[in-house]
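Residue numbers (UniProt numbering): 1 to 130.
If you want it as structure tokens, here you go:
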């Protein structure tokens, strides 16, 4: 079995300057998730050695959150066929007051997207203290 591993440094990642880092400020689960989906789709469509029917995504903690959001929002032309999320964040409290930033809180809350996880393409791993 051959495995290809790609690490995607989406907007919000460090070591690229403050503008790049702060693109997710008060806007979690948006641009960094789209960067992940778009990059994976680009790799799938442009690299012939990638098996387009066996692409997965995984992450731990914030990466688990991005994994879940990517699976939830990747529906138009699905690139991810499975995912593993370990100890993901499911909703946030670091984007200012909810009443001042309600749209971003609602959009980023995975609990609002539970109905999008109907199939068997997800392994969710949590501990008793998560």
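By construction, the Cβ of each residue, glycine as well, lies at the ideal position given by its N, Cα and C atoms.
Delimiting residues of the beta strand (DSSP E) encompassing residue i
{"i": "residue 122", "result": "122-125"}
{"i": "residue 37", "result": "First-last for residue 37: 31-46, but that is the alpha helix (DSSP H), not the beta strand (DSSP E)."}
{"i": "residue 85", "result": "82-86"}
Residue i - containing alpha helix (DSSP H), residue span
{"i": "residue 66", "result": "62-73"}
{"i": "residue 102", "result": "102-108"}
{"i": "residue 20", "result": "18-21"}
Within 8 Å, strictly: CB atoms of residue i and residue j
{"i": "residue 111", "j": "residue 128", "result": "no"}
{"i": "residue 3", "j": "residue 39", "result": "no"}
{"i": "residue 107", "j": "residue 17", "result": "no"}
{"i": "residue 80", "j": "residue 55", "result": "yes"}
{"i": "residue 6", "j": "residue 43", "result": "yes"}
{"i": "residue 26", "j": "residue 95", "result": "yes"}
Spatial neighbours of residue i in its chain, beta-carbon cut-off 6 Å, leaving aside the 5 residues before and after
{"i": "residue 84", "result": "58 and 123"}
Integer-rounded CB distance, given that residue j should sit under 8 Å from residue i
{"i": "residue 41", "j": "residue 82", "result": "So it is not a contact: roughly 16 Å between Cβ atoms."}
Residues near residue i by beta carbon distance below 7 Å, same chain, minus five either side
{"i": "residue 66", "result": "32, 33, 36 and 59"}
{"i": "residue 126", "result": "87"}
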